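These protein sequence lines are chains A, B, C and D, in that order.
Sequential numbering of the first sequence, starting at 21, is according to the working numbering.
Sequential numbering of the second sequence, starting at 65, is according to the working numbering.
Sequential numbering of the third sequence, starting at 493, is according to the working numbering.
Sequential numbering of the fourth sequence, starting at 5, is according to the working numbering.
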Amino acid sequence: MSGLGSWAARRLLLGGAQTVAVVVLVFALTEALPGDAAVALAGDQPDPARIAAIREALDLDRPAYERLADWATGLLHADFGHSLTSGRPVSSYISDAFGPTLLLAGLTVALLVPVGVGLGVLAARYEGRFVDRLISSVTLGVYAVPEFAFGVLLVTVFALRLDWLPPTAVGYGTDLLGHPAALVLPVLVLLSRPVCSLSRLVRAGMIDALASPYVAHARRYGIPGARVRYAHALPNAMAPAAQQLARTVDWLLCGVIVVEALFVIPGLGTVLMNAVAERDVPVVQGLAVVFGVITVVLNLGADLVAHRFAPRAEVAA
Amino acid sequence: GSSDNDSGSDAGSANDGKPRRGGRLRAAFAGGGASETLDPHLANLFADVARAKALFDKLADYGDDLSAQPRLASGWEPNAGLDRWNVTLRKADFHDGKPVTAEDVLFSYRRIADPEKAFRAKASLEPIDLKASRAVDERTVEFVLKRPTAEFPNVLAAFGAYIVPDATSDADFDKKPVGSGPFRFVSFAPGRSAVFRRNEAYWDGAPHLDELEFVVANEESARVNALLGGQVEYAHELNPTTARAHEGKGQIEIVRLRNSAMQAFAMKTDRPPFDDKRVREAFFLIADRQELIDGALSGAGVVGNDLFGKGYEYYADGLPQREQDLDRARSLLKKAGAEKLKVTLDTSAVAAGFTEAAGIFRDQAAKAGVTVEVKMGSKDSYWADILDSGTLCCYRSGAMPIESHISQRLLTDSTTNATKWHHKDFDALYHQAQSTKDEKDRAAVFDRMQRRLYAEGGFLVWGFADWIIGTARTVKGVERTAPANSLDWARFDKVWLA
Amino acid sequence: MSELTPVAEIEELTVEVGGRRIVDEVSLRVLPGRVTALVGASGSGKTTTGRALLGEFPSDARVTGSVRVDEALVGYVPQHPAAVLNPARRVGALLYDIARGQVRELPRRARRAAAREHVLNALEMAQLHDGSRLLRRFPHQLSGGQQQRVVLAQALLLGARVVVADEPTTGQDALTKRRVVDELAAVAARGIGVVLLSHDLETVRALADEVLVMRDGRVVESGPTERVWLAPSHPWTRELLAEQPTLTGDAPATSDSYTVLRVRGLRARHRDVEVLHTPELALRSGECLAVLGRSGSGKTTLARCMAGLHRTYVGEVLLDGVALPRSLRDRARGQLAAVQYVFQDARASFDERRPVLDQVARTAVRLRGVPPRDARAEAAEVLNNLGLAGELAARSAARLSGGELQRAALARALLARPRVLVCDEITSGLDTVTRRGILDLLAGLLRNRDGLSLVLITHDLDTARLASRIAVLDAGQVVEQGSAEDILTAPAHPFTVSLTEKHSLQGRSLGKH
Amino acid sequence: MRRREKWLPSGRFALGAALVCVPLVLALFGPLFAGEPGPRATSFTLGGGHWLGTDFVGRDVWWQVLFGGRPVVVVALAATTLAYLVALPVGLISALTHRTWLEEVLMRPLDVLLAVPSLLMILLVASVFSPGAAGLALLVALVNIPDAARIVRAAAADVASRPAVEALRMQGESWWRIAVGHVGRSILRPLAADAGVRLTGVLYLVATAAFLGIGVAPDAADWAVMVDRNRTGLFVQPWAVVVPALLIVTLTMGCNLLFDALLSAGRDVTPERVVVRRGVDVRDRTKEPRP
Ligand SMILES: Nc1ncnc2c1ncn2[C@@H]1O[C@H](COP(=O)(O)OP(=O)(O)OP(=O)(O)O)[C@@H](O)[C@H]1O
Ligand SMILES: Nc1ncnc2c1ncn2[C@@H]1O[C@H](COP(=O)(O)OP(=O)(O)OP(=O)(O)O)[C@@H](O)[C@H]1O
Ligand SMILES: [Mg+2]
Ligand SMILES: [Mg+2]
Ligand code: NI
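Laid out in structure tokens, this is it:
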């Protein structure tokens, strides 16, 4: 496995460069946005003198590259800098918001993989039949309804009409684990769309894989149906689905703004939204580092999966 | 102004029964995320103000008609020149037991006016010469002003002019803020919640509630759902549609605070095409105000008459209501040589109803032959963007005294003069009003100024939006007539749970 | 014989596809402990009949007749083993899955060890001696012959009462073949009914108790092996069994011939393992070089290095003294056309969906700039010469038999008018008659088209006789090379000796009546 | 055999076609029947001559529905197509190349795009440019490219290393024919699945972008924008959300079902089917192709 090892090592190195690129790009994007922290702070009282004063107080009158360089040197000492708006350390923003995000993402993925893959396999197994059509229609239907509307619908039915679950996580703060019931609906909403995209990709791959001679051979030899589907066919159907899964996890970890807002869960998405709105550049940059690292790692993981499930690729002339 | 401090609770809530002591009220507000702070001088959002109000007091605050009502100040007395005011403090204590003194007042005001910082209230305190002002005794402050200011009490009631104890450091506010307000600090998690407890020793009578918790929920539907699901008892800032869906259904109470938010289009009067007052008048006549209210505010509001401050002290309500008159608008435009006029209307999703109003007005203008192109701008820098550039934009304003509106927006040296209304004679009228001691005479001057604005001003004020609040049915004592930003809005010391 | 009840039976089976009967009223009884062989020309319906025992038919086939199989599972070694090996799973996993079924009765804890025991045992039986090393590999990391034996090992592991073996000895060298035959005999001895589909008469004769001779889907003759061999009644059988005229590479390496292709200092690696070391190998123009060697010795790797399909090597491959780029992507059209390779696994090298004719014709279009219409005509002609008449060639690859595809692959390479044609086991799936035809054709080309040189990779000594020179590979090393005469009659290296030993397969003594 | 290859699983095909037809016909011909917009009424009301009620600015929902299909169909289709026009070559090149550096050069920068929150991306474009519908399609495509390229690459990697591709190279086949004609065709199913789902995602991205000021007006007649902007009135006047949402649901569901049906019809290499279940005696069993 030395080849794979060095490949992964190179990718991680490149990942470092990518993260730097992400940070620079995000910095440039935030800088290019009209207005800065001073303007955002001034809000509907855009008194020019006041804006200038804020700008000076926040050191915003210095050139952009200098601020970026300062921040980067701080980063070398694991110092993410301080928020422009509140002066609190950026690391506290990230650590506070990461818990809920991680919890939501973890739960969602833990359910998404079995459900998405299971539905995809089931649909492929009964391709063109009622079960397939049912799964396709329901997942596509749910997919085509925007998250927001779906969330509102679930809240109305399960929280307000039936009173089974709390409608939001308001007031629970970061202690979401203490209120598992509050997590049910957000996780359902988060699941709604990825389940569809994942199961459709799995289904597509599975139909081809199930029709392959090696699956026929496994069946022939009396290997139990479930094993044939999950151990023999699925690995061959997994490569695109793994990419999709990586994207989903990425999306979940980088903040799910709608769900966080709808259910009042203070996660990374909310922090990012606010930071961008406030032009709180250090916070945005800190988040960019986190997101960059997450994306690099996930992409590497997805590529490893693709590599593992398409082992022939390495011998191409 | 009058000073009936003890009658606050039964003003708009006649059938609420006898107040009951105890309980915890959770109130959901849209908030500022992880950057929130309890520093009252940094208060910017409604949530900040509501929290500040629970912990702190101002010397004065706005009544329902936006006139200044004494709070920590028990009274004020100007000199003859109206440029020196003696303010006496009532007997009140901070949460740590120390009394509120003149030194605390001066410390607070000096902190706000610190040139190094950029606190929001700094501009409001500008008339005061803080160097010259002094503590006459323990409970009397003498404010020396830079010029005669008849409406000086408005300054004391200014947004964010809270009194904090002398020598409070910046760091104290988030850890253990000490104020003189009706509630004491318990805990605070920025962007999530703040928990406060009753201040038994409150000078205005201890609150009925044992505890008050502010929770942050930025999404309106989340606030509504939390309210409907019994997770909170008070939800601030609801949509008109939500209000319609739940009003009178018995599940929750809907409170509409009238005349809370002026809705307008601002025309820049210093540049074409709006430097011609006939064009401005034509635009006044193009607007179908009821259609705007129905469409953009879902009916939750009242039509405006191109003047700020409907229902407030000094409002010129004698003027005839302007109606849509497309023929006259067309002929005015023709006279001004502005047929086939094309203008860009800046808007943004920065406030409820903005984009909607822009779209509706575009269609109305089309009927008068004016092509309005709607341009969406960034919502984070909208206010700064529209201040100097563009010609026509959507505008709104929260409640403030008419005098403040004029001084902040309509004088040559106003800092946020979005209509570029620069008229020396108009400035002179304002200073005349500020130097007029007699209230009737002053009202007459304000009336003259408003007539001028009505005829040819830059603000096309088409409506006043209701401020909508939802409460659980158990919540009693919520004031129903106080516009947002006034004293009785978001005030929890007079509220109780039945 | 009458006391035995058949473990599987086919009665009057007819399989019709698109109005053509590819199997026509075939009846067959598989008896326990007996080997029933189906022989016949390529495309005569052997595979189709064999698969009927598995209950599988070509899609949209019209099937009449009956198939009865006693037991649930039937072992199957398909003609193209690569296709049934899951590319994403390791060999070990593929075998364990089947072994698991065998150890179900054991207590849970003992299962793993027992399964491993079974697997290693089966690999040994299938002549994969370094089995435990192969378990960690993916199927594509095996040589063609190794893949075949893994599939055989699966069939042996299964413990079924019927095993259908479709060309189980193609692509195996003489030594391995002998052992595989022994193993199949041992399988039969354990009371398992074996159905052997093969073109390899030697194997059939050594193994089979009963032979069915097929032609165009029909059984033209059947009976005990010895009888059919000694007294064939049908003329077609006689033709099929006729002694092979010894083709000799008469192409003289004349003095004016020059070296076309030279391999110099070649050391090829798969990952970090060196599998081939060829210090020097030359191919002269007009000559036919046979590369002999045991399965897994690196023959295919050598061929792929020449063809530009294997890049991880040091040393060089020179065409007319000019080094060829390692990867065929970097080769110019002329170079591509000059060196053509016929894949060992013909099925995998075709696009299943497109008509074979179209695929074959593209060579002429791309490499020789022939207009598409002419290219098709030319392709059709070449295919016809190889025994694939019009209608067959117009089908998609999925609808051709193994031997037919092998010929199509040859046609595809020939259309480039190559100067060096590297054929990797191209006759392995062909019956004697067809093979003779093909070899004749190749010999003719050698003779008439000057400039064509052949590299024949084969395990088959008879085929190797076509060559003028032979190189012998063992474990990646060229152990001997020289003229065909010398090598075949007087081998020097002990390994070559063992390969060329008169490979008389022992007829089974048991069970013959 | 020929007949069989042309044969479509007609039931599913018909269902898919029917589902696609409703929104498509509305989108294409709706504007012809819409006529002049009536006067506005209060937002989110029912009745008063508006048989689907009024929307968030008091316009007639039915009129909006009639007018709102075209941009949805056009912009979303254009953006999806555009995304694939780039993602397909990029994914295929990196799957087919044996030069690692080329793959890294193509894919790593796209990874960087993936890590930038798309919200920020859209915000920026919204504030720096003011693109019209075409710019919007471009932007939405841009946001979708990295993702799609990765899926294409992952799906193609295995196919690209099969002997069939080697054989094509051996024939000197052009890159395009190998990539599109063979590899692309082999991964059609995952691609279709991804594209079908992506189309829906794109629809709502367009709506979000509209609200941020890109492309169509924030109050445009556009089904996705309608769903997005009318959601506040969900409980007062559900039709303004439900009708356009249903149309989008039918559109995407129909598209996907149609894809599915076409793909299973186009598959002429159906696996050789197992007819006889073993262990049983199957005498005189006749199997015929289904009509
Ligand atoms: N991709 C690979 N990775 C690792 N090892 C490989 C790979 N491909 C082949 N091998 C090993 O390299 C050796 C040579 O393989 P090659 O295919 O050249 O054999 P061969 O002589 O063609 O055998 P056969 O006659 O069975 O086809 C074998 O031992 C095989 O297991
Ligand atoms: N799926 C299919 N559809 C249509 N025709 C087929 C199909 N499979 C095989 N055939 C045809 O049926 C005939 C018999 O095929 P089969 O594979 O049984 O031959 P075979 O005897 O095994 O030949 P070989 O020795 O070449 O493998 C061939 O002519 C082949 O072209
Ligand atoms: Mg065959
Ligand atoms: Mg080989
Ligand atoms: Ni390794």
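Glycine included, each C-beta is placed from N, C-alpha and C at the ideal position.
Predicted, not measured: the structure shown is a model, and the values here were computed from it.
| S558 of chain C by DSSP, collapsed to three states: which one? | strand
| field | Cβ-based neighbour list, G535 of chain C, same chain, cut-off 7 Å, excluding 5 preceding and 5 following | value | S893, G895, E896
| query | With DSSP run on the structure shown, which of helix, strand or coil describes A78 of chain B? | reply | Its pLDDT being 44, under 50, A78 of chain B is placed unreliably in this model, and the coordinates cannot settle the point.
| query | Can you find at least 3 beta carbon pairs, one from the stretch 222-233 of chain D and one from the stretch 107-125 of chain A, that sit closer than 8 Å? | reply | Segments in contact, no.
| query | Within 9 Å (strictly less), CB to CB, does D475 of chain C reach chain D? | reply | Residue 475 of chain C is absent from the structure shown; chain C starts at 493 and stops at 1005.
| Comparing alpha-carbon positions, which option in B:E206, B:E180, B:F183 lies nearest I192 of chain B? | Among B:E206, B:E180, B:F183, the Cα nearest to that of I192 of chain B belongs to B:E206.
| Which of the three DSSP states, helix, strand or coil, is assigned to Q388 of chain B? | coil
| task | Would you check if there are 3 or more beta carbon pairs closer than 8 Å linking the stretch 430-450 of chain B to the stretch 298-308 of chain B? | result | no
| Beta carbon of E675 of chain C: closer than 8 Å to some heavy atom of ligand 3? | The answer is no for E675 of chain C.
| field | Beta carbon of Q241 of chain D nearer than 9 Å to that of L50 of chain D | value | Q241 of chain D is a Cβ neighbour of L50 of chain D, given a cutoff of 9 Å.
| request: Return the Cβ separation of A83 of chain D and A141 of chain D in integer angstroms, given the expectation that the two are a contact with Cβ distance under 8 Å. | output: 4 Å
| said: Assess contact between the stretch 405-424 of chain B and the stretch 191-202 of chain D, defined as three or more Cβ pairs (one per stretch) separated by less than 8 Å. Is contact present? | reply: No, they do not touch.
| message | Quick check: the Cα distance between A889 of chain C and T290 of chain A, rounded to an integer number of angstroms? | response | 56 Å
| Near D81 of chain A, what residues of its chain come up, given a Cβ to Cβ distance below 6 Å and the 5 sequence neighbours on each side ignored? | R75
| task | Could you confirm whether any beta carbon from chain B is found closer than 9 Å to the beta carbon of G62 of chain D? | result | So, interface residue.
| message | I'd like to confirm the pairing. Which residues does DSSP put opposite K540 of chain B in its beta bridges? | response | B:W560
| field | Helix, strand or coil at K791 of chain C according to DSSP, with G and I counted as helix | value | helix
| Does any C-beta atom of chain D lie closer than 9 Å to the C-beta of V438 of chain B? | yes
| field | Pick from C:A533, C:T804, C:G778, C:A795 that is closest to V765 of chain C, judged by C-alpha positions | value | Nearest Cα to V765 of chain C within the set C:A533, C:T804, C:G778, C:A795: C:T804.
| query | What number of angstroms, rounded off, separates the C-alpha of L89 of chain D from the C-alpha of E177 of chain D? | reply | Cα to Cα, L89 of chain D sits roughly 22 Å from E177 of chain D.
| message | By DSSP's criteria, Y459 of chain B is part of a beta bridge. Which residues make up the other side? | response | B:A328
| query | Taking DSSP as the reference, what is the three-state secondary structure of R84 of chain B? | reply | R84 of chain B falls in the coil class under three-state DSSP.
| From B:G527, B:E284, B:V539, residue whose alpha carbon lies closest to that of L89 of chain B | B:V539
| Can you list the residues of chain A that Y568 of chain C reaches, using a CB-CB cut of under 9 Å? | H237, R240, Y241
| task | Spell out a yes or no on whether the stretch 175-190 of chain A and the stretch 137-152 of chain A are touching, meaning 3 or more CB-CB pairs, one atom from each, closer than 8 Å. | result | no
| Mind pulling the chain D residues with CB within less than 8 Å of G423 of chain B? | V61, A221, P222, D223
| Among B:A325, B:Q133, B:G441, B:I533, which one has its Cα closest to the Cα of V219 of chain B? | B:Q133
| query | Using a Cβ-Cβ cut-off of 8 Å (strictly less than) and excluding sequence neighbours within five positions of P302 of chain A, which residues of its own chain qualify? | reply | W91, F100, G101, H102, S103, L104, V110
| Roughly how far, in whole angstroms, is the beta-carbon of V559 of chain C from the beta-carbon of L505 of chain C, given that I think they are within contact range, below 8 Å? | 7 Å
| said: Using the three-state DSSP reduction, which class does I243 of chain A fall into: helix, strand or coil? | reply: coil
| message | Please state the DSSP three-state secondary structure of Q836 of chain C. | response | Looking at Q836 of chain C - three-state DSSP - the assignment turns out to be coil, as it is neither helix nor strand.
| request: Run the CB neighbour count on T290 of chain D, radius 10 Å, all protein chains shown included, and call it buried at 16 or more, exposed below. | output: Caution applies to T290 of chain D, whose pLDDT of 38 falls short of 50 and renders its modelled position unreliable; the model cannot decide the point.
| request: Tell me, please, which residues DSSP counts as bridged to N150 of chain B. | output: B:E141, B:E206
| Along chain D, in chain order, which residues have C-beta atoms closer than 9 Å to that of Q65 of chain A? | Simply none; closest approach about 21 Å.
| request: Closer than 7 Å by beta-carbon distance: list the chain B residues that pair up with V240 of chain D, in chain order. | output: T305, R308, A309
| task | Work out the CA separation of A607 of chain C and H1005 of chain C for me, nearest whole Å. | result | No answer about H1005 of chain C holds up, because its pLDDT of 34 lies below 50 and its placement is not dependable.
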